[in-house]
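Visitor:
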Amino acid sequence: MRDMNIREDVKQRLENGDYSCSKEYTLSIISGKWKIVILYHLGHEGAYHFNELMRLLPKITHRILTKQLRELEEDGVIYRYNETINHRQYTFYALTSIGESLMFIIDAMYDWGERRIEELKLTPKYNISEK
Numbered sequence: 001m002r003d004m005n006i007r008e009d010v011k012q013r014l015e016n017g018d019y020s021c022s023k024e025y026t027l028s029i030i031s032g033k034w035k036i037v038i039l040y041h042l043g044h045e046g047a048y049h050f051n052e053l054m055r056l057l058p059k060i061t062h063r064i065l066t067k068q069l070r071e072l073e074e075d076g077v078i079y080r081y082n083e084t085i086n087h088r089q090y091t092f093y094a095l096t097s098i099g100e101s102l103m104f105i106i107d108a109m110y111d112w113g114e115r116r117i118e119e120l121k122l123t124p125k126y127n128i129s130e131k
C-alpha cells in the first residue's frame, strides 16, 4: 500500500528519537528546495510527467528532480504511473491520499507567504514556468 511508505532514514530517525516532535517529522517529508512547489502543482493541477516538471522548474537539475520525486514517492506522498500517449511511454507523478492530506498545510504556507510579501510591499521574481 503506497500510503504506508516512509524513507528508511526518516524511519530510523523516528525510531532513534532524533526528532523533538511530530512537526519535525512533517518538515522532513516536505523539506527540500523543490518539494513544496512540486506538491503544490500536483495538488492544484493534477498529474505531471517528468519533462513537464523539468519545464515547470527551469532551474532544477535532472538529478535533483529525480531525487526529490524519489523521496516523495518513498514517503508515500506521491506515486508514479506509466501512460502511453501517441505511441510514447510517459511516467506521470500524482498525489496519494497522504499527499492530498498535506495540501491544506501547503496552501496555508502559500497564503501566509503571499500575505507577508504584500505586507512587506515586495515584488518577488519567481523561478518557475507556467504549465
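Residue numbers (UniProt numbering): 1 to 131.
By construction, the Cβ of each residue, glycine as well, lies at the ideal position given by its N, Cα and C atoms.
1. Check whether the segment 43 to 58 touches the segment 93 to 102, taking contact to mean three or more Cβ pairs, one atom from each stretch, closer than 8 Å.
2. Just tell me which of V10, L27, E83 has its CA closest to the CA of I105.
3. Return the CA-CA distance between N5 and L95, expressed in angstroms with no decimal places.
4. Determine the extent of the alpha helix (DSSP H) in which N51 is found, giving its start and end residues.
5. Would you kindly report the start and end of the unbroken alpha helix (DSSP H) that includes T26?
6. Could you check how far apart the C-beta atoms of Y25 and Y93 are, in whole angstroms? I think they sit under 8 Å.
Guide: Let me spell this out:
1. Taking one beta carbon from each stretch, the segment 43 to 58 and the segment 93 to 102 have 3 or more pairs nearer than 8 Å; the two touch.
2. The option with the nearest alpha carbon to I105 is L27.
3. Straight through space, the alpha carbons of L95 and N5 are spaced by roughly 13 Å.
4. First-last of the alpha helix (DSSP H) with N51: 50 to 56.
5. In the DSSP assignment, T26 falls within the alpha helix (DSSP H) that extends over 22 to 30.
6. No, Y25 and Y93 are not in contact; Cβ-Cβ is about 22 Å, not under 8 Å.
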